[in-house]
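Since the structure comes first, as structure tokens, the remarks are kept for the end.
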Amino acid sequence: MKAQVCFFTVFLFAFFIQWGLAQQVRLSSRAEWSALLGLRSSLGLRGRDWPIKVNPCSWPGVQCNQNGRVVGLTVSGLRRTQKGRRQPQFAVDGLANLTLLTSFNASGFLLPGPIPDLFGESLNVLEVLDLRSCLIIGPIPQSLGGLINLRSLDLSDNSLSGSIPSSMGQLSELSVLNLSRNSLTGSIPFEFTSLRNLTTLDLSSNFFSGSIPSGLGNLSRLEFLSTSDNSLTASIPVQLNKLSRLVELNCSKNFFTGSFPKEFTGLRSLRVIDISANGLEGPLPKGLFSSLSQLRVVVLSDNKLDGALPGSLWSIPNLQLLDLSGNNFTGALQIPSSNFSTKNATFNLSNNFLYGNLTSSLWQLRFFDLSGNYFQGKVYESSGNNANLSKNCLQLPNQRNLQDCTNFYAERNLIFENPGIPKPTSPQELELKSRNRLIFILVGVFGGFGFIVLLVLVLVVLLKCRNKNVGSERGVANAEPVSERANPSFPKDLVYLSGLGESFTYEQIVHFTDDFSDTNLIKHGHSGILFKGLLEGTPVVIKKVDLSSCKNESYMMELEFFRKASHTRLVPLLGHCLENENEKFLVYKYMPNGDLGNSLHSIVSLGDDGLQSMDWITRLKIAIGAAEFLVYLHHECSPPFVHRDIQASSILLDDKYEVRIGSLSEVHIQEGDANQKVLNRLLRKQQTSEPGPSASSLAICTQDVYSFGKVLLELVTGKLGISKTDDATTKDWLDNTVRNISMYDKELINKILDPSLIVDEDLLEEVWAMAIVARSCLNPKPSKRPLMKHILKALENPLKVVRMEGSSSARLRTTSSRLSWSAAFFGSWRHSSSSDIAAVPGYGNRENFSSFKQSSRVGSQGSGGNDHSSSNKRLSSEIFPEPVEMQDMEKQDEH
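All letters in the sequence shown, in the order written, are residues -22 to -1, 1 to 873 by mature numbering (1 follows the signal peptide of the UniProt record, and there is no 0).
So this is what it looks like as structure tokens:
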């Protein structure tokens, strides 16, 4: 016992001596002292973080060795001064004097501009370089090939462009290379095959073309390889089967063709494979699943794979997800009755050509989706919440029609059991059905009689009210026809409608556009082709609508909307040409400044700071103008209209940057509007024989609010293209961006602020307020999104959104992405205590599971905050009312 106490005492003594010596290490190089002070100035770091009178080796982010030399530098997480926030730049010349620097980490720290050559020319001993999410632009410099000691390079989530320099093949010590989420082009360099120490290679979400170099199969240490979301073609090289240590392979969202490489049965360490959304075809190799016993996740959806499902897929011992949806697999499910290894897995076999009867062993699975197939017969077991069996041929609701099922089985010479009402199997069931039938008959008789009595009473009341109105008022009642207000029907001859401008001939349209010359082509829109033209010397825009490729209903709805609507924010319609049967033309007023997407970063001045993008005052003006038009649609039109295509390209700008809204082919009356009476809907159905132009998709005002929120984020961040797409990459970007929008930390907004935007402290609060409004618009619950009239008030009074009477901040709402099918089971899968998928390197951050990432953050990325008493009621609630649920979620995020 005494010996143990003595040993412990000596250990503590030695530890404190070493700790004391470490605290006494002081910076020994005056050149490095000057270099750090230079970096503090050029990066705009706060003096309180790096104070002059304090030993730099104790500054946050500065790491010194025992000789007092700087060996590591981390600026990630450090805060800038006000001037530094207004003018962030990639100014790191001081690093050249840190000759022993082995690590530089600036992840998430804004460094707008190209990568300086000094990294490769002066920092030869650098081993770790982390520049992810820094807003870097331009190409990757050739000089990076001089970092011969580099072990980890992360340039992900920036705006890098151009091709990868061949000099990067000289980084022989490189172990981790991440170039994902950029705009890199060209092919994957063959020189990468020389990086023999590489364990992680992530090239996802770029614009690479060509094929995957087969020489990558020689990188024997590679454990993670992702080329997803590019434009790669040809077949997946079979040489990748040499990667015996490969744990995750992601080649999704490309244009790969050919069959699934049978040689991949040799990837014995593989846990995650995703080759979804490609053009693979043919059957799966025999013995594939029995050979890859370490598999956890298999995603081969949205290809052209066919044949029968291999029986070995039920024997993968550690499988947690199998997604084979959207292929051409056929045959019956051969599920063992018991003792199969995949009971805890989630299966998605939807949208294939599987058929036959479902066995009771199927319900032993944790979750499965068999929708969109041709399974038949009676379902004997209760599926509960762990199954999706829609669009089959089963004796269940929401199935295929009888003709479709009959034809499918007849084409394959199979026996089809008519999915009618099953025959009773016992006398007791017959007696029970007879009783039920009698009850239904009695209920129908008495219910019908009651309805007739009620209808007579209603008619009597209506007649009395009508007689009373006729007797008390003179003239005709001032009321619009029901059909006009409920759902405008389309007239037979639109040429003679008012509000559509002048009627032109086809010869005039050809003359205006110089016979539709390519020089006058503006763009190919989703509702037509846009040309620039001259009308008596005045520039105009002419949309050519080809009815063979565009929806006739959308074109007619746009004309009908122009006839009924009138607002200063609406792009003026000067005329039309409707004489051709298959081609229609609409003539609009030309907007000199194009659309918001083109003007946001166009050159507006040339000052001391060089080229500038659109200033903040103009951006706020544009946001208010667009909101005014949406308020008109949602709150001043009766019934309300929904634009359904709000994005940067639909917000047009005249010569004074006044907003004019275009892209009106998707405008539709809000469906399910509370102001539309039931009787109006009934009359509307009787008067219209065809569904509206958007009968397949629900049109609601909250849809516009969500899209408008993305436009606001484009104005704040300067990131173009967000409002026009809703893919996984965009959702992932939104998810990362809203994390930096908090009413309780204004400084966070600098992490997402457009680096080309220069604002002072007051204007920064307006930017902050717009970001808060954008976040609330992106609420995952449509019912919790603010009304456009409240949004307009908030934008007109931005400081009231972020200030209160006591000068404290107001609350905001939360936002997240909508839950998708995969999110429904990924959430429980990720949080399962029995799952060891987290051990897969980098798995949780991959693009192919972005829908899961966003759904799992619904409860964690909400708004932050603390409780406040009623005496601290904020002025913002009058400008921008918010639901209590969002306040509670704000608290969770803050804590």
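Beta carbons are placed, not taken as given, at the ideal position from N, Cα and C, and that holds for glycine.
Sequence-distant residues of the same chain with beta carbon closer than 7 Å to residue i, five excluded per side
i      : result
TYR635 : ASN571, THR596, LYS599, ILE600
VAL745 : TRP594, VAL694, ILE727, LEU731, VAL737
GLY257 : PHE233, PHE234, THR235, ASN281, LYS282
THR337 : ILE313
LEU176 : LEU152, SER153, LEU155, LEU197, ARG199, LEU200
THR680 : PRO760, ARG763
PRO263 : PHE238, LYS240, THR243
First and last residue of the uninterrupted alpha helix (DSSP H) at residue i
i           : result
ASN326      : Looking at the DSSP string, ASN326 is not in any alpha helix (DSSP H); the run it does join, the beta strand (DSSP E), is 324 to 326.
GLY687      : 679 to 695
SER269      : 266 to 269
ASN576      : 574 to 577
TYR387      : 380 to 389
residue 875 : A question about residue 875 goes unanswered here, because the residues of the chain that appear run from -22 up to 873.
TYR484      : 484 to 490
VAL779      : 776 to 780
LEU17       : 8 to 20
residue 892 : The requested residue 892 is not part of the displayed model; the chain covers only -22 to 873.
Euclidean distance between Cα positions of residue i and residue j
i      : j      : result
PRO617 : ILE602 : 23 Å
LEU224 : ASP593 : 49 Å
ARG174 : LEU266 : 28 Å
PRO733 : THR695 : 8 Å
GLU226 : GLN65  : 41 Å
VAL154 : ILE93  : 19 Å
LEU17  : VAL3   : 21 Å
THR384 : SER328 : 20 Å
SER247 : LEU270 : 7 Å
GLU774 : ILE629 : 18 Å
LYS771 : GLY503 : 32 Å
VAL481 : GLU606 : Val is not the amino acid found at residue 481; the sequence shown has Ser there. Straight-line Cα distance between these residues: approximately 30 Å.
ASP180 : LEU149 : 16 Å
ASP573 : SER627 : 5 Å
TYR722 : ASN75  : 39 Å
GLY119 : LEU125 : Looking at the sequence provided, one finds Pro at residue 119 rather than Gly. If you take the alpha carbons of PRO119 and LEU125, they lie about 12 Å apart.
Selection from the options that minimises the alpha carbon distance to residue i
i      : options                        : result
THR715 : GLU692, TYR722, LEU735         : GLU692
ARG274 : ASP284, ALA255, GLY260, ASN296 : ASN296
ASN136 : SER628, LEU88, LEU125          : LEU88
LEU542 : ALA365, ALA605, LEU642         : For the record, residue 542 in the displayed sequence is Lys; it is not Leu. Nearest of ALA365, ALA605, LEU642 to LYS542, Cα basis: LEU642.
SER209 : ARG249, LEU245, THR163         : THR163
LEU552 : MET535, ASN576, LYS521         : LYS521
ARG249 : PHE619, SER237, LEU221         : LEU221
MET146 : GLY140, SER134, SER139, GLY123 : GLY123
PHE238 : ASN228, LEU245, ILE253         : ILE253
Cβ separation of residue i and residue j, assumed to be a contact under 8 Å, to the nearest whole Å
i      : j      : result
ALA84  : VAL53  : 5 Å
SER192 : PRO215 : 4 Å
PRO117 : GLY140 : 3 Å
SER230 : ALA212 : Not really, about 16 Å apart at Cβ, beyond 8 Å.
SER268 : SER204 : That belief does not hold up - the Cβ atoms of SER268 and SER204 are roughly 26 Å apart, past 8 Å.
VAL519 : ILE500 : 7 Å
Opening and closing residue of the beta strand (DSSP E) in which residue i lies
i      : result
ARG208 : According to the sequence provided, residue 208 is Asn. The question's Arg does not apply to it. No beta strand (DSSP E) contains ASN208, which DSSP labels as neither H nor E.
PHE97  : Careful: PHE97 lies outside any beta strand (DSSP E), inside the alpha helix (DSSP H) at 96 to 100.
ARG638 : 637 to 639
GLN41  : 40 to 42
LEU765 : LEU765 -> no beta strand (DSSP E), and no H or E assigned at all.
VAL716 : Taken as a continuous stretch (DSSP letters only), VAL716 belongs to no beta strand (DSSP E), being part of the alpha helix (DSSP H) at 706 to 716.
GLU739 : Here GLU739 belongs to no beta strand (DSSP E); instead the alpha helix (DSSP H) covers 739 to 755.
LYS599 : Per DSSP, LYS599 belongs to no beta strand (DSSP E); it is in the alpha helix (DSSP H), 594 to 609.
Chain-order list of residues whose beta-carbon lies under 6 Å from that of residue i (same chain, five-residue window excluded)
i      : result
LEU218 : GLY195
GLY687 : ALA752, CYS755, LEU756
LEU188 : First, the residue type needs correcting, since residue 188 is Gly and not Leu in the sequence shown. Here the set comprises SER165.
VAL106 : SER81, SER130
MET748 : LEU690, VAL694
GLY72  : ALA13, GLY16, LEU17
ASP108 : ASN83, SER85, ASP132
ASN326 : ASP301, SER303, ASP347
TYR387 : PHE394
Sequence-distant residues of its chain with Cβ nearer than 8 Å to residue i (five each side left out)
i      : result
ILE419 : none
is_contact[residue i, chain C] using C-beta, thresh 7 Å
i      : result
LEU611 : Within the model displayed, chain C is absent; a lone protein chain is all it includes.
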